[in-house]
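Below: one structure, written as structure tokens.
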Amino acid sequence: MDAYLLTINGGSSSLKFAVFRTGNPAIRLASGIIERIGLPDPALRVVDRSTGATDRRAVAAPDHASCVPVVAAAVEQTAGGGPIAAIGHRIVHGGPRYHAPHAVTPELLDELRRLAPLDPEHLPAEIALIEAFAARYPDVPQAACFDTAFHHGMPRVATLLPIPRRYDARGVRRYGFHGLSYAFLMKELGRRLGPAAAQGRVVLAHLGNGASLAAVRDGAPLDTSMGFTPTAGVVMSRRSGDLDPGLVAYFARTEGMTPERFHAMVNTEAGLLGVSEISPDVRDLLERETTDVRAAEALALFCYQIRKCIGAYAAVLGGLDTLVFSAGIGENAPVIRARICEGLGFLGVTLDAQRNRANETVVSATGSRVVVCVIPTDEEAEIAAAASAVVGLT
């Protein structure tokens, strides 16, 4: 009988999951999401990957642990009674210790609890999910796949924060995120363009609701735009990206703003939404930019900051061989890719307009010194592969 693998990606108010048939590679059979956890009207959506059929329905989901029976029912329907061989979890923050996927053990759970202050938005829910799945499937091994692990090899100078050194000893440093996406993209880059491409000077741009960039040379990470938290870096859909830290004191003095209120503002009310006052969605802003200067300015800021980051990373890398766009905006918004690449001609970036509009794998012009690619990311596949390796399925 076939065995199955489950991947889990718990957000602050959502839970994404996927079911794979084990193998090398594992084959995805279904994907699903529970949205609005802990909020009114939570809902489940499951897509059968073989038929494209979608099942949508309301569910009871007052918290993350309550979602486990819902996911289990969907998984067991997909697996047809076959055994679940492993469960792989995306863990957003692995702290300074975890630089690779790791089997879930009592010791690991204790360490994640100690790390919770580093990521109070994600880690408590992720711990609750691990414990709830362990209760549901006590004999199934689980693996923790860390979104920070990819960046662990960065040079120390790229991880240091310019604050008193005593905080470094407490783990206050730059970590970087989207690591599961970057690990997948580096493998795909080598598969699609050849091993030499993955060993060159590469900038990866993961541009979705959360956006970050990473600089990689000889297959090793050198820098990334997110830092101690996923709020840092370039402007995002709802997150501010980098800000002058003096704003914390300024808003406290002038508005009585608490740290909690500031945190909520820069994570949910800022970014493209805050600047445009219209929408966090690039598609909405593109529709409005010719009639609303706020939309135009938000898009201009987004493209400007990403272009600036690419230029900075070219300096870190000593040049640029390959630029990879990925995630929702990077994969599906050719006009944004074109605007980001405008002004990068001095690095050798030249787009082919037709290839770019068609979202081809290589969108740079013939003769462009820098190869510009569009590669869809797949964090679920990366979690499945990592979990399979950790529990000994491959």
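Numbering (this note's numbering), first residue to last: 5 to 398. Here a beta-carbon is modelled for each residue, glycine too, at the ideal position from N, C-alpha and C.
Among the options, which has the Cα closest to the Cα of residue i?
| i | options | result |
| --- | --- | --- |
| Val-279 | Val-394, Met-240, Arg-287, Met-261 | Met-240 |
| Ala-357 | Leu-351, Phe-350, Thr-370 | Thr-370 |
| Ala-215 | Cys-345, Val-286, Gly-99 | Val-286 |
| His-267 | Glu-39, Ala-77, Ile-12, Pro-124 | Pro-124 |
| Leu-217 | Ala-318, Asn-336, Pro-166 | Ala-318 |
| His-182 | Leu-208, Thr-163, Ala-253 | Leu-208 |
| Ser-18 | Arg-243, Pro-29, Leu-43 | Leu-43 |
| Arg-160 | Leu-327, Thr-233, Tyr-179, Asn-13 | Tyr-179 |
| Cys-377 | Ala-47, Ala-253, Arg-361, Ile-41 | Arg-361 |
| Phe-137 | Val-79, Lys-191, Gly-194, Leu-321 | Val-79 |
| Thr-272 | Thr-235, Ala-304, Ala-256, Gly-250 | Thr-235 |
| Ala-76 | Asp-114, Ile-31, Ser-35 | Ser-35 |
| Pro-338 | Ser-368, Pro-166, Gly-323 | Ser-368 |
| Gly-403 | Val-374, Gln-146, Ala-89, Gln-81 | This structure cannot settle anything about residue 403, because the visible part of the chain is limited to 5 through 398. |
| Ser-372 | Ile-379, Ile-387, Thr-354 | Thr-354 |
| Glu-335 | Leu-164, Ala-253, Arg-359 | Arg-359 |
| Gly-86 | Leu-197, Ile-41, Ala-7 | Ala-7 |
| Ile-379 | Leu-9, Leu-348, Leu-197, Cys-71 | Leu-197 |
| Leu-33 | Phe-24, Ile-41, Glu-39 | Phe-24 |
| Gly-245 | Gly-275, Glu-259, His-93, Ala-253 | Gly-275 |
| Pro-166 | Ala-342, Gly-322, Phe-232 | Phe-232 |
| Val-206 | His-103, Asp-325, Ala-342 | Asp-325 |
| Arg-61 | Val-50, Ser-70, Ala-69 | Val-50 |
| Ala-57 | Thr-109, Val-328, Thr-82 | Thr-82 |
| Ala-304 | Arg-343, Asp-67, Ile-91, His-155 | Arg-343 |
| Glu-386 | Leu-184, Leu-116, Gly-14, Val-63 | Leu-184 |
In three-state DSSP terms, what is residue i?
| i | result |
| --- | --- |
| Asp-325 | coil |
| Tyr-4 | For the chain, the structure presents residues 5 to 398; residue 4 sits outside this window and is missing. |
| Glu-386 | helix |
| Leu-355 | strand |
| Asp-172 | helix |
| Ser-368 | strand |
| Ile-344 | helix |
| Val-376 | strand |
| Thr-163 | helix |
| Asn-360 | helix |
| Ala-76 | helix |
| Val-51 | strand |
| Ser-392 | helix |
| Ala-153 | helix |
Within the same chain, show all residues whose beta-carbon is closer than 6 Å to that of residue i, passing over the 5 residues directly before and after it, in chain order.
| i | result |
| --- | --- |
| Ile-95 | Glu-130, Ala-148, Phe-150 |
| Glu-384 | Thr-11, Ala-22 |
| Ala-139 | none |
| Ala-162 | Asp-227 |
| Ala-390 | Pro-105, Cys-149 |
| Val-277 | At residue 277 the sequence reads Leu, which differs from the Val that was named. For Leu-277, where only same-chain residues beyond five positions count, the Cβ hits under 6 Å are Arg-242, Pro-284. |
| Val-400 | Outside the shown range of the chain (5 to 398) lies residue 400, about which nothing can therefore be said. |
| Thr-26 | Ala-7, Leu-9, Ala-89, Leu-397 |
Using C-beta distances below 8 Å, list every residue in its chain close to residue i, excluding the 5 sequence neighbours before and after it, in chain order.
| i | result |
| --- | --- |
| Leu-247 | Val-270 |
| Leu-113 | Ile-131, Ile-134, Glu-135 |
| Gly-347 | Arg-311 |
Can you have a look at residue i and say buried or exposed, based on whether 16 or more other CB atoms are within 10 angstroms of its CB?
| i | result |
| --- | --- |
| Asp-227 | buried |
| Thr-55 | exposed |
| Phe-350 | exposed |
| Asn-28 | exposed |
| Arg-177 | buried |
| Ala-302 | buried |
| Leu-164 | exposed |
| Ala-153 | buried |
| Tyr-171 | exposed |
| Asp-143 | exposed |
| Asp-382 | buried |
| Ala-187 | buried |
| Gly-250 | exposed |
| Gly-14 | buried |
In chain order, what residues of the same chain have a beta carbon less than 7 Å from the beta carbon of residue i, not counting five sequence neighbours either side?
| i | result |
| --- | --- |
| Ile-282 | Asp-288, Leu-289, Arg-292, Asp-296, Arg-298, Ala-299 |
| Gly-175 | Gly-99, Pro-100, Leu-122 |
| Cys-313 | Leu-217, Ser-229, Val-238 |
| Gly-212 | Ala-331, Gly-332, Ile-333 |
| Ala-202 | Met-190, Leu-193, Gly-194, Gly-223 |
| Phe-255 | Met-261, Phe-266 |
| Ile-340 | Val-286, Cys-307, Ile-333 |
| Ser-16 | Glu-125, His-126, Ala-129 |
| Gly-322 | Arg-205 |
| Arg-40 | Ser-17, Pro-46, Ala-47 |
Kindly say whether residue i, judged by its beta-carbon, lies nearer than 8 Å to any beta-carbon of chain C.
| i | result |
| --- | --- |
| Gly-275 | In summary, chain C is missing from the structure at hand, where a single protein chain is found. |
Quiz item: Can you list, in chain order, the stretches of the beta strand (DSSP E) that have 3 or more residues and sit fully within the segment 178-262?
Solution: 205-211, 215-221, 224-228
Self-check item: Runs of beta strand (DSSP E) lying entirely within the segment 83-149, each at least 3 residues, in chain order
Solution: 88-95
Quiz item: Which ranges would you report for the beta strand (DSSP E) in the segment 266-338 if only whole runs of at least 3 residues count?
Solution: 326-330
Exercise. Jot down the residue ranges of each uninterrupted beta strand (DSSP E) in the segment 11-65, minimum 3 residues, whole runs only, in chain order.
Key: 18-25, 31-39, 47-52, 58-62
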